[in-house]
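I have placed the structure first, in the form of structure tokens, so that the comments after it can refer back to it.
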Ligand code: FO1
């Protein structure tokens, strides 16, 4: 079975880990491939290095090297380099890059500087984390450098900050007026992205942030059309339970685009291509969207087994959802 999944953030990576666990424990799925289309709107250049948080979270989580408590960064990392940079007055102090994590960013920046594309660089990093042996391909949504910036309407009038500053330093507490993806006007889908959507047997939308993760991937020219046109069922997992994000600040992001924080409202954002929608039991019966088959079950990914069960339910929903 060829599965293609959009992904962003810690929730997306944890869902994908569950998907791989479900495939491993299901003999008839052995030999399946998973192509992940990763959000790159979170990318930021820090200390002269290119950092790709949503790609790295997938690499580390699927590769078994992620800091489990944080969900991002490396397990058992130290912060000597970042500490020294802060002592030297090199900003930002508020974005904690670990020493092992720096290895990823130095290698990526070196290879990008040598002219390799982000796709080529990501493939090298994925090999280091054993993803090809697991049948997993990680593609950036585009090879064009893009960055999500957040327009804040604070006292002295609107000004923009990088998404990471809004997300990490401000903890999304300052209302966002809108999101602007710098560079998206020049972006094209990375090689293999559109084919991965068109030729999939199933397309999955993990419980990633619908605005700043999934929403950004959908903004790459051609991707939304491919999702509308694919013969594969498209099944999503609600990132909200009873109106609250399971983690992160999806509610603040939805408010910024004038969308209510409900499983139904998020499904409506995907209505033009969605075939199936998995909601938590708390939201059962709350979604009524023409052409979308809805199923309810517990959606908290408390451990890998729970995530595997959710992934299995998404695959089941894909089998029964309207075939396009
Ligand atoms: N998130 C934080 O809340 N604080 C941090 O200091 C932080 C550092 C960091 C470093 C590398 C990396 O790949 C991710 C990091 N994140 C941090 C998480 C990051 O902001 C989010 O994972 C995504 O950008 C949004 O999903």
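Residue numbers (this note's numbering): 307 to 630.
Backbone N, C-alpha and C define an ideal beta-carbon position, used for all residues, glycine too.
With residue i as the anchor, note down where its alpha helix (DSSP H) starts and where it stops.
{"i": "residue 522", "result": "520-524"}
{"i": "residue 503", "result": "499-504"}
{"i": "residue 575", "result": "569-575"}
{"i": "residue 593", "result": "It is not in any alpha helix (DSSP H) - residue 593 carries neither H nor E in the DSSP assignment."}
{"i": "residue 611", "result": "610-626"}
What are the residues that DSSP puts in a beta bridge with residue i?
{"i": "residue 599", "result": "582"}
{"i": "residue 485", "result": "456"}
{"i": "residue 356", "result": "351"}
{"i": "residue 310", "result": "341 and 509"}
{"i": "residue 333", "result": "Paired residue(s): none; residue 333 is not in a bridge."}
{"i": "residue 380", "result": "372"}
{"i": "residue 495", "result": "448"}
Going by C-alpha to C-alpha distance, which of the options sits closest to residue i?
{"i": "residue 314", "options": "400, 308, 588 and 554", "result": "554"}
{"i": "residue 332", "options": "615, 366, 624 and 627", "result": "615"}
{"i": "residue 316", "options": "390, 360, 521 and 611", "result": "360"}
{"i": "residue 495", "options": "449, 513 and 467", "result": "449"}
{"i": "residue 312", "options": "493, 515 and 587", "result": "515"}
{"i": "residue 489", "options": "476, 522 and 470", "result": "522"}
{"i": "residue 297", "options": "385, 501 and 477", "result": "As shown, the chain starts at 307 and ends at 630. That puts residue 297 outside it, with no answer to give."}
{"i": "residue 503", "options": "538, 389 and 429", "result": "538"}
{"i": "residue 345", "options": "451, 374 and 589", "result": "451"}
{"i": "residue 530", "options": "570, 578, 601 and 430", "result": "578"}
{"i": "residue 483", "options": "335, 617 and 564", "result": "564"}
{"i": "residue 594", "options": "612, 417, 573 and 410", "result": "573"}
{"i": "residue 379", "options": "394, 389, 403 and 612", "result": "403"}
{"i": "residue 586", "options": "544, 609, 596 and 560", "result": "544"}
{"i": "residue 323", "options": "366, 470 and 347", "result": "366"}
{"i": "residue 512", "options": "607, 355 and 421", "result": "607"}
{"i": "residue 434", "options": "467, 591, 356 and 371", "result": "371"}
{"i": "residue 541", "options": "369, 508 and 560", "result": "508"}
{"i": "residue 486", "options": "499, 468 and 480", "result": "468"}
{"i": "residue 588", "options": "351, 548 and 611", "result": "548"}
{"i": "residue 567", "options": "576, 575 and 546", "result": "546"}
{"i": "residue 409", "options": "384, 501, 326 and 393", "result": "384"}
{"i": "residue 368", "options": "613, 620 and 492", "result": "613"}
{"i": "residue 411", "options": "571, 432 and 351", "result": "351"}
{"i": "residue 551", "options": "471, 480, 527 and 605", "result": "605"}
{"i": "residue 528", "options": "519, 510, 505 and 493", "result": "493"}
{"i": "residue 373", "options": "393, 353 and 405", "result": "405"}
{"i": "residue 621", "options": "335, 320, 481 and 319", "result": "335"}
{"i": "residue 597", "options": "498, 576, 610 and 356", "result": "576"}
{"i": "residue 517", "options": "326, 362 and 348", "result": "348"}
Under a CB-based cut-off of 8 Å, is residue i close to chain D?
{"i": "residue 484", "result": "Annotation note: the requested chain D is absent from the structure, which comprises a single protein chain."}
Residue i lies in the beta strand (DSSP E); which residues open and close that run?
{"i": "residue 399", "result": "Looking at the DSSP string, residue 399 is not in any beta strand (DSSP E), and its letter there is neither H nor E."}
{"i": "residue 344", "result": "339-344"}
Check: Is the stretch 455-471 touching the stretch 533-542, taking contact as three or more C-beta pairs under 8 Å?
Finding: no
Notebook entry, point to check: Taking the runs of the beta strand (DSSP E) that are 3 residues or longer, which of them lie wholly in the stretch 410-474?
Noted result: 442-446, 453-460 and 463-468
Next item on the list: Taking only runs that begin and end inside the stretch 516-566, name each unbroken alpha helix (DSSP H) of 4 or more residues, in chain order.
Entry: 520-524, 529-535 and 556-562
Margin query: Would you call the stretch 340-353 in contact with the stretch 429-445, where contact means no fewer than 3 C-beta pairs closer than 8 Å?
Written below: yes
Margin query: Count Cβ pairs between the stretch 609-628 and the stretch 582-591 that sit closer than 8 Å; are there 3 or more?
Written below: yes
Item checked: Segment contact flag, the stretch 393-412 with the stretch 467-475, C-beta cutoff 8 Å, min 3 pairs -> yes
Checklist line | Three-pair Cβ contact test at 8 Å for the stretch 459-470 versus the stretch 411-421 | finding: no
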